[in-house]
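Each residue of the sequence shown is one higher than the last, beginning at 32 in our numbering. Virtual Cβ for every residue (Gly too), placed ideally from N, Cα, C.
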Amino acid sequence: MTNLKTIRCFRNKQYFSIFHLPVRIATFVNAGIIKFLGVVGALLLVGCYYDKEEILYPQSANCTPIANPTFTTDVLPLLNAKCNNCHAGSSASAGIRLDSFNEVIKYVNNGTLTGSINHASGFSPMPKNGSKMSSCDIQKIQDWITMGAGSN
Ligand code: HEC
32 MTNLKTIRCF RNKQYFSIFH LPVRIATFVN AGIIKFLGVV GALLLVGCYY DKEEILYPQS
92 ANCTPIANPT FTTDVLPLLN AKCNNCHAGS SASAGIRLDS FNEVIKYVNN GTLTGSINHA
152 SGFSPMPKNG SKMSSCDIQK IQDWITMGAG SN
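Here it is, written out as structure tokens:
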């Protein structure tokens with residue numbers, strides 16, 4: 032009698048028999064686990080994607096490269112705005128002045144300017160105690176250096 036009932040239920044696609052209960056539970060639990068893993072996986076993927084995006088292409092979309100960056104027009108105003116609270120005049124921090132070409136070129140040539148504004152390891156990160164310069168501003172200074180660090 033019990034067997035007959037089971038078979039009928041099975042045919043009706045209603046797995047209410049006590050024997051099918053573990054199967055139903057397993058199916059339910061598995062679906063839950065798969066959904067959970069899916070959500071976690073998606074979050075991880077999204078997280079990684081943004082991490083890499085930020086590291087590899089920081090604000091690059093917004094940078095308009097300048098064809099011929101010059102010291103006076105492009106570099107000095109940035110240094111005045113971000114650095115020369117500390118690095119100008121006779122009492123400049125660490126004796127490092129960044130208020131004229133003849134001074135700035137020293138730190139271009141010894142690599143500390145690039146190292147410090149990029150927060151590269153082995154250099155003191157600049158601006159000291161401030162937030163890193165925008166990647167577009169850093170790019171501007173680096174382009175000026177790459178194109179020969181002219182004095183004009
Ligand atoms: C709040 C003051 C302050 C500001 C703003 C500042 N600096 Fe400095 N800077 C210092 C001090 C102090 C030192 C000496 C090293 C140290 O204390 O980390 C220094 C050191 C340096 C050095 C030598 C780094 C090394 O690793 O040898 C460079 C190059 C430099 N600064 C460039 C800059 C540039 C470029 C900016 C702007 C983007 C800037 N600084 C902004 C205070 C400042």
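In the DSSP assignment, I172 falls within the unbroken alpha helix (DSSP H) covering 166-177. The residues S147, H150, in chain order, have a CB closer than 7 Å to that of P156 in the same chain once the five nearest residues on each side in sequence are set aside. Exclusion of the five residues before and after D105 leaves I97, K171, W175 as the residues of its chain whose Cβ lies within less than 7 Å of its Cβ. For G146, the uninterrupted alpha helix (DSSP H) segment begins and ends at 143-148. Distances between the C-beta of P96 and the heavy atoms of the ligand HEC are all 6 Å or more. Closest in C-alpha terms to S131, from the list N116, N141, F102, comes F102. Rounded to the nearest angstrom, the Cβ distance from P108 to M178 is 17 Å, too far for a contact under 8 Å. Taking the CA atoms as reference points, K113 sits about 55 Å from A62.
Secondary structure note for I136: its alpha helix (DSSP H) is the uninterrupted segment 132-140. Pairing L129 with N115 gives a Cβ-Cβ distance under 7 Å.
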